[in-house]
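J.:
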Amino acid sequence: CGTGILGCRSIWLIINFISQRNSLSRRTIVASNSNEKILFSWIHLSDIHFRHGIERHQIDQELVLKALLEDISKTINSPQRNIPRPDSIFITGDIAYSGSVIYENEYATAEKWLSNVSQVTNLSQNQIFVIPGNHDIQRDVYLKDDDTAMFIDLLRNGNRRMEWALKNDKYYKMLMSRLENFSKFSNKFAPFCLGEHYQAKHAYWQWTSRPTSELPIRLIGLNTSLLCQDDNDKGKLRLSLSQIKDIPNLD
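Just remember that the working numbering sits 38 ahead of the position in the sequence shown, which is counted from 1.
(1) For residue 129, which residues in the same chain have their Cβ closer than 6 Å to its Cβ, ignoring the five residues on either side in sequence?
(2) Would you decide whether residue 225 is buried or exposed? Buried here means 16 or more other CB atoms lie within 10 Å of its CB.
(3) Starting from the C-beta of residue 247, find all residues in its chain whose C-beta is less than 6 Å away, skip the five residues before and the five after it, and write them out in chain order.
(4) Are the region 135-149 and the region 168-178 touching, with three or more C-beta to C-beta distances below 8 Å?
(5) Determine, using beta-carbon pairs with one atom in the region 151-167 and one in the region 196-204, whether at least three such pairs fall under 8 Å.
(6) What is the DSSP secondary structure of residue 177, counted as helix, strand or coil?
(7) Give me the residue from 216, 259, 111 and 143 with the minimum Cα distance to residue 187.
(8) For residue 175 versus residue 266, is the C-beta distance shorter than 8 Å?
(9) Quick check on the burial criterion: 16 or more other C-beta atoms within 10 angstroms. Buried or exposed for residue 117?
(10) Could you have a look at residue 82 and say whether DSSP puts it in helix, strand or coil?
(11) List the residues that DSSP assigns as beta-bridge partners of residue 244.
(12) Classify residue 113: buried if its beta carbon has 16 or more other beta carbons within 10 angstroms, exposed otherwise.
(13) Among 218, 278 and 149, whose alpha-carbon lies nearest the alpha-carbon of residue 194?
(14) Kindly list the residues whose CB is nearer than 7 Å to the CB of residue 231, restricted to its own chain and excluding five residues on each side of it in sequence; keep chain order.
(15) In the structure shown, what three-state DSSP assignment does residue 138 receive?
(16) If you compare alpha carbons, which of 77, 119, 108 and 148 is closest to residue 96?
Here it is, written out as C-alpha coordinates:
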(Lines of atoms letter the chains of each structure in order from A; the text may use other names.)
(Lines give C-alpha, C1' and ligand atoms only; values in the text may rest on other atoms or scores of the structure.)
Protein backbone atom coordinates (compact mmCIF):
# COMPACT_ATOMS: atom_id res chain seq x y z
CA CYS A 39 0.00 0.00 0.00
CA GLY A 40 1.45 3.40 -0.94
CA THR A 41 0.23 6.88 -0.16
CA GLY A 42 1.19 10.09 -1.94
CA ILE A 43 0.18 13.62 -1.01
CA LEU A 44 -0.15 16.19 -3.77
CA GLY A 45 -0.96 19.84 -3.42
CA CYS A 46 -0.60 22.48 -0.75
CA ARG A 47 -3.74 24.37 0.27
CA SER A 48 -5.92 21.60 -1.09
CA ILE A 49 -4.78 18.09 -0.38
CA TRP A 50 -5.07 15.07 -2.63
CA LEU A 51 -4.40 11.53 -1.57
CA ILE A 52 -3.66 8.84 -4.11
CA ILE A 53 -3.92 5.49 -2.42
CA ASN A 54 -2.85 2.39 -4.30
CA PHE A 55 -4.33 -0.79 -2.91
CA ILE A 56 -2.49 -3.86 -4.16
CA SER A 57 -2.98 -7.42 -3.02
CA GLN A 58 -0.05 -9.13 -1.35
CA ARG A 59 0.53 -11.29 -4.40
CA ASN A 60 0.54 -8.31 -6.76
CA SER A 61 2.60 -6.26 -4.35
CA LEU A 62 5.36 -8.85 -4.55
CA SER A 63 5.18 -9.00 -8.31
CA ARG A 64 5.31 -5.20 -8.51
CA ARG A 65 8.48 -5.10 -6.43
CA THR A 66 9.99 -7.63 -8.79
CA ILE A 67 9.05 -5.54 -11.80
CA VAL A 68 10.44 -2.31 -10.36
CA ALA A 69 13.66 -4.02 -9.31
CA SER A 70 14.51 -4.78 -12.92
CA ASN A 71 14.81 -1.70 -15.15
CA SER A 72 14.73 -3.82 -18.30
CA ASN A 73 11.32 -5.20 -17.32
CA GLU A 74 9.90 -2.10 -15.68
CA LYS A 75 6.19 -1.69 -16.16
CA ILE A 76 4.45 1.64 -15.66
CA LEU A 77 1.17 0.99 -13.87
CA PHE A 78 -0.11 4.57 -13.60
CA SER A 79 1.32 8.00 -14.40
CA TRP A 80 0.05 11.54 -14.07
CA ILE A 81 0.78 15.24 -14.55
CA HIS A 82 0.42 17.43 -11.46
CA LEU A 83 -0.43 21.11 -11.92
CA SER A 84 -1.19 23.60 -9.15
CA ASP A 85 -1.45 27.31 -8.32
CA ILE A 86 -1.85 28.52 -11.89
CA HIS A 87 -3.95 31.55 -10.86
CA PHE A 88 -5.50 32.19 -14.28
CA ARG A 89 -5.79 35.92 -15.05
CA HIS A 90 -3.31 36.67 -12.28
CA GLY A 91 -3.25 40.22 -10.94
CA ILE A 92 -2.16 43.25 -12.91
CA GLU A 93 -1.72 43.34 -16.68
CA ARG A 94 2.07 42.90 -16.49
CA HIS A 95 1.64 39.70 -14.50
CA GLN A 96 -0.98 38.44 -16.95
CA ILE A 97 1.42 38.90 -19.87
CA ASP A 98 4.12 37.01 -17.97
CA GLN A 99 1.63 34.28 -17.20
CA GLU A 100 0.64 33.88 -20.85
CA LEU A 101 4.29 33.38 -21.76
CA VAL A 102 4.82 30.85 -18.96
CA LEU A 103 1.66 28.89 -19.82
CA LYS A 104 2.67 28.76 -23.48
CA ALA A 105 6.11 27.45 -22.51
CA LEU A 106 4.58 24.95 -20.08
CA LEU A 107 2.27 23.60 -22.78
CA GLU A 108 5.20 23.19 -25.14
CA ASP A 109 7.23 21.49 -22.43
CA ILE A 110 4.44 19.03 -21.68
CA SER A 111 4.14 18.16 -25.34
CA LYS A 112 7.90 17.73 -25.87
CA THR A 113 8.34 15.73 -22.68
CA ILE A 114 5.68 13.10 -23.28
CA ASN A 115 6.40 12.84 -27.01
CA SER A 116 10.17 12.56 -26.77
CA PRO A 117 11.43 9.01 -27.44
CA GLN A 118 14.82 9.99 -26.04
CA ARG A 119 13.42 10.83 -22.61
CA ASN A 120 11.24 7.70 -22.46
CA ILE A 121 8.57 9.41 -20.34
CA PRO A 122 5.30 7.44 -20.01
CA ARG A 123 2.18 9.09 -21.35
CA PRO A 124 0.00 10.32 -18.48
CA ASP A 125 -3.17 8.51 -17.48
CA SER A 126 -4.57 11.56 -15.67
CA ILE A 127 -3.94 15.19 -14.85
CA PHE A 128 -4.37 16.45 -11.28
CA ILE A 129 -4.98 20.16 -10.70
CA THR A 130 -4.70 20.75 -6.99
CA GLY A 131 -6.10 24.17 -6.30
CA ASP A 132 -5.81 27.86 -7.16
CA ILE A 133 -7.06 27.44 -10.69
CA ALA A 134 -8.45 30.96 -10.74
CA TYR A 135 -6.93 34.14 -9.34
CA SER A 136 -10.01 35.33 -7.42
CA GLY A 137 -12.71 32.71 -7.97
CA SER A 138 -13.72 34.75 -11.05
CA VAL A 139 -14.65 37.74 -8.88
CA ILE A 140 -12.08 40.27 -10.12
CA TYR A 141 -12.10 38.92 -13.69
CA GLU A 142 -15.21 37.14 -14.91
CA ASN A 143 -13.28 35.05 -17.43
CA GLU A 144 -10.77 33.45 -15.04
CA TYR A 145 -12.33 29.99 -15.34
CA ALA A 146 -13.11 30.45 -19.04
CA THR A 147 -9.40 31.15 -19.57
CA ALA A 148 -8.52 28.08 -17.51
CA GLU A 149 -10.88 25.88 -19.51
CA LYS A 150 -9.43 27.11 -22.81
CA TRP A 151 -5.85 26.38 -21.71
CA LEU A 152 -6.78 22.98 -20.30
CA SER A 153 -8.42 22.16 -23.62
CA ASN A 154 -5.00 22.68 -25.22
CA VAL A 155 -3.42 20.45 -22.56
CA SER A 156 -6.00 17.80 -23.39
CA GLN A 157 -5.02 17.91 -27.04
CA VAL A 158 -1.27 17.57 -26.50
CA THR A 159 -1.68 14.79 -23.90
CA ASN A 160 -4.49 13.01 -25.75
CA LEU A 161 -6.55 13.06 -22.56
CA SER A 162 -10.18 14.09 -22.31
CA GLN A 163 -11.66 16.40 -19.68
CA ASN A 164 -12.96 13.38 -17.77
CA GLN A 165 -9.33 12.49 -17.08
CA ILE A 166 -8.53 15.88 -15.59
CA PHE A 167 -9.29 15.94 -11.85
CA VAL A 168 -9.77 19.23 -10.02
CA ILE A 169 -9.99 20.45 -6.43
CA PRO A 170 -10.24 24.08 -5.25
CA GLY A 171 -7.65 26.22 -3.47
CA ASN A 172 -7.89 29.45 -1.50
CA HIS A 173 -7.80 31.56 -4.68
CA ASP A 174 -10.90 29.73 -5.93
CA ILE A 175 -12.91 31.13 -3.01
CA GLN A 176 -15.24 34.03 -3.85
CA ARG A 177 -14.19 36.21 -0.95
CA ASP A 178 -16.66 38.96 -1.79
CA VAL A 179 -19.53 36.75 -0.54
CA TYR A 180 -18.15 37.08 2.99
CA LEU A 181 -18.05 40.87 2.63
CA LYS A 182 -21.54 41.19 1.12
CA ASP A 183 -23.51 38.71 3.26
CA ASP A 184 -23.47 39.22 7.03
CA ASP A 185 -25.02 35.81 7.78
CA THR A 186 -22.34 34.03 5.76
CA ALA A 187 -19.61 36.12 7.40
CA MET A 188 -20.84 35.27 10.93
CA PHE A 189 -21.12 31.60 10.01
CA ILE A 190 -17.61 31.44 8.52
CA ASP A 191 -16.19 33.22 11.58
CA LEU A 192 -17.81 30.67 13.92
CA LEU A 193 -16.09 27.88 12.02
CA ARG A 194 -12.75 29.66 11.69
CA ASN A 195 -12.68 30.44 15.41
CA GLY A 196 -13.52 26.86 16.35
CA ASN A 197 -16.89 27.72 17.91
CA ARG A 198 -18.62 25.30 15.54
CA ARG A 199 -17.31 22.07 14.04
CA MET A 200 -16.94 21.54 10.31
CA GLU A 201 -18.81 18.22 10.57
CA TRP A 202 -21.87 20.17 11.69
CA ALA A 203 -21.64 22.52 8.71
CA LEU A 204 -21.03 19.83 6.10
CA LYS A 205 -24.00 17.73 7.19
CA ASN A 206 -26.52 20.58 7.45
CA ASP A 207 -28.04 21.48 4.07
CA LYS A 208 -28.53 25.15 4.93
CA TYR A 209 -24.98 25.68 6.16
CA TYR A 210 -23.47 23.51 3.45
CA LYS A 211 -25.08 25.80 0.87
CA MET A 212 -23.61 28.80 2.67
CA LEU A 213 -20.16 27.23 2.50
CA MET A 214 -20.54 26.38 -1.16
CA SER A 215 -21.92 29.83 -2.08
CA ARG A 216 -18.28 30.95 -1.99
CA LEU A 217 -17.33 28.22 -4.47
CA GLU A 218 -20.19 28.74 -6.90
CA ASN A 219 -18.00 29.77 -9.82
CA PHE A 220 -15.54 26.94 -9.18
CA SER A 221 -18.45 24.46 -9.04
CA LYS A 222 -19.73 25.55 -12.45
CA PHE A 223 -16.23 25.14 -13.86
CA SER A 224 -15.53 21.80 -12.16
CA ASN A 225 -18.75 20.24 -13.51
CA LYS A 226 -16.93 19.93 -16.83
CA PHE A 227 -14.00 18.01 -15.33
CA ALA A 228 -13.38 14.88 -13.32
CA PRO A 229 -14.72 13.49 -11.17
CA PHE A 230 -17.91 15.56 -11.45
CA CYS A 231 -18.44 14.90 -15.17
CA LEU A 232 -18.06 11.13 -14.64
CA GLY A 233 -21.27 10.59 -12.70
CA GLU A 234 -19.78 7.68 -10.76
CA HIS A 235 -17.66 9.19 -8.00
CA TYR A 236 -18.28 7.98 -4.48
CA GLN A 237 -18.90 11.36 -2.84
CA ALA A 238 -21.20 13.58 -4.88
CA LYS A 239 -20.57 16.86 -3.06
CA HIS A 240 -18.44 19.53 -4.69
CA ALA A 241 -16.80 20.30 -1.35
CA TYR A 242 -14.87 17.02 -1.50
CA TRP A 243 -15.01 13.71 -3.31
CA GLN A 244 -13.75 10.18 -3.77
CA TRP A 245 -13.37 8.19 -6.96
CA THR A 246 -12.09 4.69 -7.66
CA SER A 247 -10.46 3.55 -10.88
CA ARG A 248 -9.02 0.25 -12.06
CA PRO A 249 -6.77 1.15 -15.00
CA THR A 250 -5.12 -2.28 -14.86
CA SER A 251 -5.92 -5.55 -13.14
CA GLU A 252 -2.81 -5.04 -11.02
CA LEU A 253 -3.53 -1.58 -9.66
CA PRO A 254 -6.86 -0.41 -8.30
CA ILE A 255 -6.55 3.30 -7.51
CA ARG A 256 -8.61 5.52 -5.29
CA LEU A 257 -8.42 9.28 -5.71
CA ILE A 258 -9.56 11.31 -2.73
CA GLY A 259 -10.12 15.04 -3.19
CA LEU A 260 -9.74 16.61 0.24
CA ASN A 261 -10.67 20.28 0.44
CA THR A 262 -8.89 22.57 2.88
CA SER A 263 -10.05 25.80 1.23
CA LEU A 264 -13.61 25.97 2.59
CA LEU A 265 -12.79 28.49 5.33
CA CYS A 266 -10.16 30.54 3.46
CA GLN A 267 -10.82 34.27 3.47
CA ASP A 268 -7.79 36.53 3.94
CA ASP A 269 -4.13 36.82 4.94
CA ASN A 270 -5.01 35.66 8.46
CA ASP A 271 -5.98 32.11 7.44
CA LYS A 272 -3.14 30.44 9.34
CA GLY A 273 -4.51 28.32 12.17
CA LYS A 274 -8.14 28.92 11.16
CA LEU A 275 -8.68 26.35 8.41
CA ARG A 276 -10.43 23.05 9.05
CA LEU A 277 -10.47 19.80 7.09
CA SER A 278 -13.05 17.82 9.16
CA LEU A 279 -13.26 14.08 9.70
CA SER A 280 -16.36 14.01 7.50
CA GLN A 281 -14.13 14.16 4.44
CA ILE A 282 -12.26 10.94 5.26
CA LYS A 283 -14.20 8.84 7.75
CA ASP A 284 -16.50 7.19 5.21
CA ILE A 285 -13.74 6.03 2.88
CA PRO A 286 -14.71 2.46 1.94
CA ASN A 287 -12.26 -0.41 1.63
CA LEU A 288 -11.31 -1.80 -1.74
CA ASP A 289 -11.55 -5.52 -2.30
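C-beta: ideal position from N, C-alpha, C; glycine also.
T.: On the basis of the supplied data:
(1) Here residue 129 is taken as the residue at index 91 of the sequence shown, counted from 1. Leaving aside the five residues that flank residue 129 on each side, the residues in its chain whose CB is nearer than 6 Å to its CB run, in chain order, 83 and 168.
(2) Here residue 225 is taken as the residue at index 187 of the sequence shown, counted from 1. With fewer than 16 Cβ atoms within 10 Å of its Cβ, residue 225 is classed as exposed.
(3) Translated into the one-based positions of the sequence shown, residue 247 becomes position 209. For residue 247, where only same-chain residues beyond five positions count, the Cβ hits under 6 Å are 255.
(4) Yes: the two stretches touch, three or more of their Cβ pairs being nearer than 8 Å.
(5) With a cut-off of 8 Å, the region 196-204 and the region 151-167 do not count as touching, because too few Cβ pairs lie within range.
(6) Residue numbering aside, residue 177 sits at position 139 when the sequence shown is read from its first letter. Residue 177 carries a coil assignment under DSSP once its states are collapsed to helix, strand and coil.
(7) Numbered from its first residue, the sequence shown carries residue 187 at position 149. The residue among 216, 259, 111 and 143 with its C-alpha nearest the C-alpha of residue 187 is 216.
(8) In the sequence shown, the residue the question calls residue 175 occupies position 137. In the sequence shown, the residue the question calls residue 266 occupies position 228. Taking 8 Å as the Cβ cut-off, residue 175 and residue 266 qualify as a contacting pair.
(9) Residue numbering aside, residue 117 sits at position 79 when the sequence shown is read from its first letter. With fewer than 16 other Cβ atoms within 10 Å, it is exposed.
(10) Taking the sequence shown and counting its residues from 1, one reaches residue 82 at position 44. DSSP places residue 82 in strand when its eight states are reduced to three.
(11) Start at 1 with the first residue of the sequence shown, and residue 244 comes out as number 206. Beta-bridge analysis with DSSP links residue 244 to 258.
(12) Along the sequence shown, read from residue 1 onward, the residue named residue 113 stands at position 75. Residue burial annotation: residue 113 is exposed, with fewer than 16 other C-beta atoms found within 10 angstroms of its C-beta.
(13) Residue numbering aside, residue 194 sits at position 156 when the sequence shown is read from its first letter. Ranking 218, 278 and 149 by Cα distance to residue 194 puts 278 first.
(14) The residue you call residue 231 lines up with position 193 of the sequence shown. Leaving aside the five residues that flank residue 231 on each side, the residues in its chain whose CB is nearer than 7 Å to its CB run, in chain order, 163, 164 and 225.
(15) For the purposes of this step, residue 138 is taken as the residue at position 100 of the sequence shown. Note: residue 138 maps to coil in three-state DSSP.
(16) As a position in the sequence shown, residue 96 is number 58, starting the count at 1. Between residue 96 and the set 77, 119, 108 and 148, the nearest pair of CA atoms involves 148.
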